[in-house]
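Take 1 as the starting number for the sequence shown in the numbering used here and just add one per residue. Even glycine gets a Cβ: it sits at the ideal position worked out from N, Cα and C.
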Amino acid sequence: MQAVLGICGYSGSGKTTLLEALLPLLTQRGLRVSVIKHSHHDVQLDSPGKDSFRHRQAGACEVMIVSPHRVGVFAETARELTLDEQLARLSPCDLVLLEGQKSLPVPKLEVYRPALGKPARYLDDRDVIAVASDAPLAAAIPVLDLNDADGVAHFIAAWLADRR
């Protein structure tokens, strides 16, 4: 099974920005990384009028779009997929980063900005293995500089190497 690391934090904490900075740095280290982004909303992944949308509306349970450079699958589900079901749909890789799904019992890196005025997860969530912050913190787990993406990538790569 692929290694899974959650990237958790409140809205506006910088999870997506950190992921954007981390992905090329992890890739440069020779890692194949996938991301699962969770949304609480009923997102539409294609547009009304497009062939893929029309096929789904007509009853297809899945529609795959293939081009020379990428592939996409639009699937209808009766319920939200479990993490195992989500992972089974991904191609093999070294690491899967989860953005969101903060309540899952997986190792997590918390993105925490005290200025947001929200409580820190790392104080109560034993699955948080490190916290990336823009302020100094006293914590029993590693505290990483949120503005040092290379340092965070180094931590993740070392954590992944320890798991192997």
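By the beta-carbon neighbour count (other beta carbons within 10 angstroms, threshold 16), Val-152 is buried.
A direct Cα-Cα distance of roughly 28 Å separates Thr-27 from Arg-121. Between Asp-46 and Phe-74, the gap from beta carbon to beta carbon is short of 7 Å. Each residue's CA atom was taken as its position, placing Asp-125 and Pro-136 some 19 Å apart.
The three-state secondary structure of Ser-52, taken from DSSP, is helix.
Here Leu-146 carries a coil assignment [DSSP, helix/strand/coil]. Using a C-beta cut-off of 8 Å, the region 136 to 149 makes contact with the region 13 to 27, since at least three inter-stretch Cβ pairs fall below that distance. Residue nearest to Gly-9 within the set Pro-92, Ser-34, Lys-108, Gly-30 is Lys-108 (criterion: CA-CA distance). Straight-line spacing of the CA atoms in Tyr-112 and Thr-82 works out to 26 Å. The alpha carbon of Gly-72 has as its nearest neighbour, out of Leu-123, Gly-59, Ala-140, Arg-89, the alpha carbon of Arg-89.
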